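Using the numbering used here, read the sequence shown as starting at 201 and increasing by one per residue.
Note that CB positions come from ideal geometry on N, CA and C, so glycine has one too.
Keep in mind the model is a prediction, meaning the values are calculated, not measured.
Reviewing the structure listed below.
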Amino acid sequence: MKNLKWNLILKLSMFGLAIAIATLYWISSSIEPYFWLAILLICAYLIAKFSESKPFLHGFFVCILNSVWVTSAHIIFFGTYIAHHPEQAAMMQSNPMPVSHKTLMLITGALIGIITGLILGLFSVIANKIIKKKG
201 MKNLKWNLIL KLSMFGLAIA IATLYWISSS IEPYFWLAIL LICAYLIAKF SESKPFLHGF
261 FVCILNSVWV TSAHIIFFGT YIAHHPEQAA MMQSNPMPVS HKTLMLITGA LIGIITGLIL
321 GLFSVIANKI IKKKG
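Printed below as a string of structure tokens:
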């Protein structure tokens, strides 16, 4: 955890907070992955540019924090989220696991945070190599 720029991580996670709010009302599940791809690429570039070391960990923690924002928003505003995402509601109804919908969102959000954290970590390492090579 030493040498991590927590201020940079927090600032980049604001993309996650913005998407958390936007997915409640405006962004559908079908186009959300495109927004995330763009955000991950922008974050990887900014991590490579503004962190001196540990690009993988910077990327990983940005996505962990993103998952906190998104999962929290979706759980707190569960009714609003489900009203705007009928396909998610249908998937939850067909879930064979005996857990509440909010618990399922919590588990899924954590797993997505870890997976996207690994992806952004990798993107950040690659961007770091490209930017450091040019500089």
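Cα separation between Leu212 and Ser251?
-> Cα-Cα distance, rounded: 12 Å.
Is the CB of Val270 under 8 Å away from at least one CB in chain C?
-> Note that chain C does not occur in the displayed structure, where there is just one protein chain.
Reduced DSSP category for Asn361 - H, G, I as helix; E, B as strand; rest coil = Because residue 361 is not part of the residues shown, which for the chain are 201 to 335, the question remains open.
Leu241, buried or exposed, once every other Cβ within 10 Å from all chains shown has been counted against 16 = Around the CB of Leu241, fewer than 16 other CB atoms lie within 10 Å, so the residue is classed as exposed.
Mind pulling the alpha helix (DSSP H) runs of 4 or more residues that sit fully within the segment 232-302?
-> The alpha helix (DSSP H) runs of length 4 or more contained entirely in the segment 232-302 are, from start to end of the chain, 232-250, 255-276, 278-284, 286-293.
Relative to the C-alpha of His274, which residue among Pro286, Met305, Glu287, Ala244 is closest?
-> Out of Pro286, Met305, Glu287, Ala244, the CA that lies nearest to the CA of His274 is found in Met305.
Below 8 Å, can you find three or more Cβ-Cβ pairs linking the segment 249-264 to the segment 317-327?
-> Contact between the segment 249-264 and the segment 317-327 is present, because at least three Cβ pairs lie under 8 Å.
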